[in-house]
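Numbering (the working numbering), first residue to last: 61 to 232. Heads up, the beta-carbon is just placed ideally off N, CA and C, and yes, glycines get one too. A short worksheet on the structure shown next.
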């Protein structure tokens, strides 16, 4: 993936590169274009141990309360837990703990999957930052639909159209 920013910003960290230093404010959003996958939208977040390119993460968090509450922008590998109700993003690089990088939140994303992955289906959380198309109650990824089956562009990955995806959060 060769995403290049389409916005006029100086000094943008490359989309597919993790950095040991924080180069942008956490939560910054940028649009970028790739000749194979088209335009996408990306959010700048801290990494978490175990993150590889294509890993799906949850992100968010708050420290403090009331007038002193501040977003922490923490990431975690997306678990296969029902009713998480948290925003999701796709890692664009192996962004480990103590590193910073871009995570895709809109466009056609290359995601890690568990080999049970069919085209034109609803994706579900499979755990460890992977997706599946095997139905799992309360684990649907809202704001996403699969484009390809298992192995595109390579084994263990698939393409998914995403638009600010989130883990299903309602209980019945």
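If you follow the beta strand (DSSP E) that residue 126 is part of, which residue opens it and which one closes it? For the purposes of this step, residue 126 is identified with residue 66 of the chain shown, where counting begins at 1. The continuous stretches of beta strand (DSSP E) do not include residue 126, and DSSP gives it neither H nor E.
Count the other C-beta atoms from every protein chain shown that fall within 10 angstroms of the C-beta of residue 213, then say buried if there are 16 or more, exposed otherwise. Locating residue 213 in the chain shown gives position 153, counting from the first residue. The residue is exposed, with fewer than 16 neighbouring Cβ atoms inside 10 Å.
Can you find the residues in the same chain that come closer than 6 angstroms, C-beta to C-beta, to residue 178, ignoring five residues on each side of it along the sequence? Looking up residue 178 in the chain shown gives position 118. Excluding sequence neighbours, residue 178 sits near 193, 209.
Would you decide whether residue 225 is buried or exposed? Buried here means 16 or more other CB atoms lie within 10 Å of its CB. The count along the chain shown starts at 1 and reaches residue 225 at position 165. Under this definition residue 225 is a buried residue.
Give every residue of the same chain whose Cβ lies closer than 7 angstroms to the Cβ of residue 202, excluding the five residues on either side of it in the sequence, and list them in chain order. The residue given as residue 202 occupies position 142 in the chain shown. If you ignore the 5 residues before and after residue 202, its C-beta comes within less than 7 angstroms of the C-beta of 225, 226, 228, all in its own chain and listed in chain order.
Could you name the residues that DSSP lists as bridge partners for residue 134? Taking the first residue of the chain shown as position 1, residue 134 is located at position 74. The beta-bridge partner set that DSSP reports for residue 134 consists of 120.
Beta-carbon spacing of residue 118, residue 136 below 9 angstroms: As a working note, residue 118 is residue 58 in the chain shown. As a working note, residue 136 is residue 76 in the chain shown. Yes, the Cβ-Cβ distance between residue 118 and residue 136 is below 9 angstroms.
Count the CB pairs spanning the stretch 90–99 and the stretch 127–146 that are closer than 8 angstroms, and state whether there are at least three. In short, these stretches do not touch, since the Cβ pair count stays below three.
Figure out for me which residue from 98, 87, 206, 110 has the closest Cα to the Cα of residue 183. For the purposes of this step, residue 183 is identified with residue 123 of the chain shown, where counting begins at 1. It is 206.
Roughly how far, in whole angstroms, is the beta-carbon of residue 166 from the beta-carbon of residue 222, given that I think they are within contact range, below 8 angstroms? Along the chain shown, one-based indexing puts residue 166 at 106. Along the chain shown, one-based indexing puts residue 222 at 162. Contact flag correct, Cβ pair sits at about 6 angstroms.
Helix, strand or coil: which one does DSSP assign to residue 221? Along the chain shown, read from residue 1 onward, the residue named residue 221 stands at position 161. Reduced to three states, the DSSP call for residue 221 is strand.
DSSP state of residue 164 mapped onto helix, strand, coil: In the chain shown, the residue the question calls residue 164 occupies position 104. Of the three classes helix, strand and coil, the one that applies to residue 164 here is strand, per DSSP.
Among the candidates 129, 160, 185, whose CA atom is the shortest distance from the CA of residue 147? Taking the first residue of the chain shown as 1, we reach residue 147 at position 87. Comparing Cα-Cα distances from residue 147 to each of 129, 160, 185, the minimum goes to 185.
When you compare only the Cα positions, how much space is there between residue 80 and residue 73? Your numbering for residue 80 matches position 20 in the chain shown. Your numbering for residue 73 matches position 13 in the chain shown. Taking C-alpha positions only, residue 80 is separated from residue 73 by approximately 11 angstroms.
Alpha carbon to alpha carbon, how far is residue 217 from residue 110? Locating residue 217 in the chain shown gives position 157, where the first residue counts as 1. Locating residue 110 in the chain shown gives position 50, where the first residue counts as 1. Cα-Cα distance, rounded: 16 angstroms.
Run the proximity test for residue 150: is its beta-carbon closer than 8 angstroms to any non-hydrogen atom belonging to the ligand PLP? Judged by which ligands are present, the structure shown has none, so any question about the ligand PLP falls away.
Taking residue 115 as the reference, which of 124, 126, 161 has the closest Cα? Locating residue 115 in the chain shown gives position 55, counting from the first residue. It is 161.
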